[in-house]
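2 protein chains.
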Amino acid sequence: MKISDLAARTGLTAHTIRYYERIGLMPAAQRDRSGHRAYDERTLVWVEFLGHLKTTGMPIRDMLDYARLRAAGAGTEGQRKAMLARHRDAVALRVVALTECLDVLDAKIAGYGD
Amino acid sequence: MKISDLAARTGLTAHTIRYYERIGLMPAAQRDRSGHRAYDERTLVWVEFLGHLKTTGMPIRDMLDYARLRAAGAGTEGQRKAMLARHRDAVALRVVALTECLDVLDAKIAGYGD
DNA sequence: CTACAACTTCGAGCGCACTCTAAGTCAAGC
DNA sequence: GCTTGACTTAGAGTGCGCTCGAAGTTGTAG
Numbered sequence: 001m002k003i004s005d006l007a008a009r010t011g012l013t014a015h016t017i018r019y020y021e022r023i024g025l026m027p028a029a030q031r032d033r034s035g036h037r038a039y040d041e042r043t044l045v046w047v048e049f050l051g052h053l054k055t056t057g058m059p060i061r062d063m064l065d066y067a068r069l070r071a072a073g074a075g076t077e078g079q080r081k082a083m084l085a086r087h088r089d090a091v092a093l094r095v096v097a098l099t100e101c102l103d104v105l106d107a108k109i110a111g112y113g114d
Numbered sequence: 001m002k003i004s005d006l007a008a009r010t011g012l013t014a015h016t017i018r019y020y021e022r023i024g025l026m027p028a029a030q031r032d033r034s035g036h037r038a039y040d041e042r043t044l045v046w047v048e049f050l051g052h053l054k055t056t057g058m059p060i061r062d063m064l065d066y067a068r069l070r071a072a073g074a075g076t077e078g079q080r081k082a083m084l085a086r087h088r089d090a091v092a093l094r095v096v097a098l099t100e101c102l103d104v105l106d107a108k109i110a111g112y113g114d
């Protein structure tokens with residue numbers, strides 16, 4: 001898979017993918033014989049997971065912490081699990097806050113009448 | 001109410017409040033005899049409402065559109081209601097997306113075992 | 001009267017997450 | 001063989017939402 005294919009399948013741009021690699025969010029890509037980046041399905045899965053973290057508002061610096069633990073391999077599972085659990089709880093709180101705001105918005109909208 | 005009081009009651013800083021006024025998110029404040037900003041409860045309500053818009057991810061430029069309609073007064077209620085309704089729907093979609101991501105996170109966390 | 005904190009304006013600076021440009025290399029189709 | 005377009009690197013630029021600093025004025029407590 002070339003960088004343009006990965007871009008098409010993830011919704012990121014090739015620029016953004018190179019940026020992610022540069023800052024360490026993605027491991028250095030394999031290269032084909034002409035020096036172009038060549039990706040496999042595992043990379044796609046990783047980028048999609050990063051997308052979930054991004055959707056849920058995790059800052060890049062935290063994703064980097066997670067990526068570093070992942071790169072460190074065995075022995076970091078506990079830390080990774082703890083990170084995700086903390087993040088999960090924070091997201092759940094945000095969902096509650098947003099739901100409360102929805103009520104406020106609904107009340108305000110209703111206040112404008114028909 | 002002085003700017004420091006409004007700051008304390010809204011969680012914003014005095015710097016941020018002046019910034020909001022500068023960009024037009026808040027109407028020009030009344031001044032006391034020494035030129036200091038003096039706020040009433042109505043302003044507090046408005047800032048709290050802005051907080052709800054902010055919490056739900058509305059960009060400042062959209063808040064500005066809303067603030068301008070509000071400042072224009074009568075006759076803009078329909079537009080304001082439509083804006084809020086659109087925003088409400090977008091927020092509801094985000095809540096759904098976040099909830100789906102929570103499932104992904106839970107699955108990932110469970111995958112790490114105990 | 002004197003500190004000192006809080007206010008004022010103006011404008012610069014910052015952190016985040018991209019986003020794009022420039023200049024060059026490489027590969028596939030006509 | 002040549003054009004076209006995707007790839008490469010390094011580094012600069014962008015938009016958002018603040019955030020802070022400097023320099024000066026005003027109000028209050030001791």
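Residue numbers (this note's numbering), protein chains in the order written: chain F, 1 to 114; chain G, 1 to 114.
A virtual CB, placed ideally from N, CA and C, is assigned to each residue, including glycine.
| Item | Value |
| --- | --- |
| Taking only three categories from DSSP, how would you classify G:R18? | helix |
| Whose Cβ in chain F lies nearer than 8 angstroms to the Cβ of G:R80? | Y112 |
| Whose C-beta lies closer than 8 angstroms to the C-beta of F:I23 among residues of the same chain, with five residues either side of it excluded? | I60 and L64 |
| In whole angstroms, what is the alpha-carbon distance linking F:A28 and F:Y19? | 11 angstroms |
| Hey, does F:L105 have any beta-carbon neighbour from chain G nearer than 7 angstroms? | yes |
| Anything in chain F within Cβ reach of G:E77, meaning under 9 angstroms, just list it in chain order. | Y112 and G113 |
| Assign F:L50 to one of two classes, buried (16 or more other C-beta atoms within 10 Å of its C-beta) or exposed (fewer than that). | buried |
| Is the distance from the Cβ of F:L84 to the Cβ of G:K108 below 7 angstroms? | yes |
| Which value, in whole angstroms, describes the spacing of the CA atoms of F:E77 and G:L105? | 14 angstroms |
| Is F:E21 near the ligand HEM, with its Cβ less than 6 angstroms from a heavy atom? | Inclusion of the ligand HEM in the displayed structure is not the case, the ligand content being empty and no account of it being possible. |
| Report the partner residues of G:Q30 according to the DSSP bridge assignment. | G:A38 |
| Give a yes or no on whether the C-beta atoms belonging to F:I3 and F:R42 are separated by under 7 angstroms. | no |
| Rounded to whole angstroms, what is the Cα-Cα separation between G:T16 and G:T99? | 32 angstroms |
| Using the Cα positions of F:T55 and G:A97, report the straight-line distance between them to the nearest angstrom. | 8 angstroms |
| Give me the residue from G:R80, G:G75 and G:G57 with the minimum Cα distance to G:Y66. | G:R80 |
| Flag G:L6 as yes if its beta-carbon sits less than 7 angstroms from any beta-carbon of chain F, otherwise no. | no |
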